[in-house]
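Asker:
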Ligand SMILES: [Zn+2]
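Residue numbers (our numbering): 436 to 663.
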């Protein structure tokens, strides 16, 4: 599987900032190669502060930050599902939401959290990863969600699913030319990282480690599953 084959990409993440942290360099690269990328943020991020903001205020701030980050990467469209932060479940209703969006946007490639990452991860990441995989199946097989088919929102086969945060990745994207754009996009999330964010070294180090595994100078790492 080559990066150039990804033409229509849906990034499905739990919180504002997850897309940039896990795949910002890849997103910038895919867009520079002509792909259309849409980002779907499943929660409103309203638990994401240690400051004195109300949940309503922090959710608003984080949407604004996400739009700025998406603009830096060149993401064509950013959608907010606004489920409550920390409370996502891999429910039938949530899978249906995702399946609807997959049928609507007809991606060839989906990027989401690896829900099978062992021992530690945010519960929303796990819920989004599981619901996205199941949503992909619901979107693909027309006897799921017959009401969508009646409304001409027809079954859609997604070719690839890429998981971020995997402990055993098997797919690497060269981000040598886009790592600075990635870091700029992460810096938009001021409510999460503060004004004086200086983690450049950490991002380079991580990209070098991934690069070594993938045969590049700097890379982001994924587990890819190509659906037959
Ligand atoms: Zn997150």
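By construction, the Cβ of each residue, glycine as well, lies at the ideal position given by its N, Cα and C atoms.
These figures come from a predicted structure and were not determined experimentally.
Around the Cβ of residue 553, are there at least 16 other Cβ atoms within 10 angstroms (buried) or fewer (exposed)?
Answerer: Residue 553 should be labelled exposed.
Asker: What residue from 487, 603, 623 and 481 has the CA that sits closest to residue 523's CA?
Answerer: When only C-alpha atoms are compared, the closest one is 481.
Asker: Quick one, which of 614, 546, 572 and 638 has its alpha-carbon nearest residue 657's?
Answerer: Among 614, 546, 572 and 638, the Cα nearest to that of residue 657 belongs to 546.
Asker: What did DSSP end up calling residue 473 once you bin it into helix, strand or coil?
Answerer: Strand, per DSSP.
Asker: If you reduce the DSSP assignment to three classes, tell me which class residue 586 lands in.
Answerer: Of the three classes helix, strand and coil, the one that applies to residue 586 here is coil, per DSSP.
Asker: Among all residues, which have a Cβ less than 6 Å from at least one non-hydrogen atom of ligand 1, and in what chain order do they fall?
Answerer: Those satisfying the condition are, in chain order, 449, 450, 453, 557 and 560.
Asker: For residue 611, tell me which candidate among 486, 654 and 647 has the shortest Cα-Cα distance.
Answerer: Nearest option by C-alpha distance: 654.
Asker: Between which two residues does the alpha helix (DSSP H) holding residue 486 run?
Answerer: Here residue 486 belongs to no alpha helix (DSSP H), and DSSP marks it neither H nor E.
Asker: DSSP has residue 546 in a bridge; who is on the other side?
Answerer: Partner(s): 446 and 597.
Asker: Using 8 Å for Cβ pairs, my map puts residue 619 next to residue 452. What's the rounded Cβ distance?
Answerer: Not a contact, Cβ separation roughly 13 Å.
Asker: Return the residue from the list 579, 616 and 549 that minimises the CA-CA distance to residue 531.
Answerer: Cα-wise, what sits closest to residue 531 is 579.
Asker: Can you find the residues in the same chain that come closer than 8 Å, C-beta to C-beta, to residue 471, ignoring five residues on each side of it along the sequence?
Answerer: Only 442, 443, 444 and 511 meet the Cβ criterion.
Asker: Considering only residues of the stretch 490-556, which uninterrupted beta strand (DSSP E) runs meet the minimum length of 3 residues and lie entirely inside it, listed in chain order?
Answerer: List check, beta strand (DSSP E) in window: 512-518 and 544-548.
Asker: So, for residue 557: in the same chain, excluding its five sequence neighbours on each side, which residues have a beta-carbon less than 7 Å away from its beta-carbon?
Answerer: Contacts found: 449.
Asker: Check for me: the alpha helix (DSSP H) holding residue 616 runs from which residue to which?
Answerer: Per DSSP, residue 616 belongs to the alpha helix (DSSP H) from 614-622.
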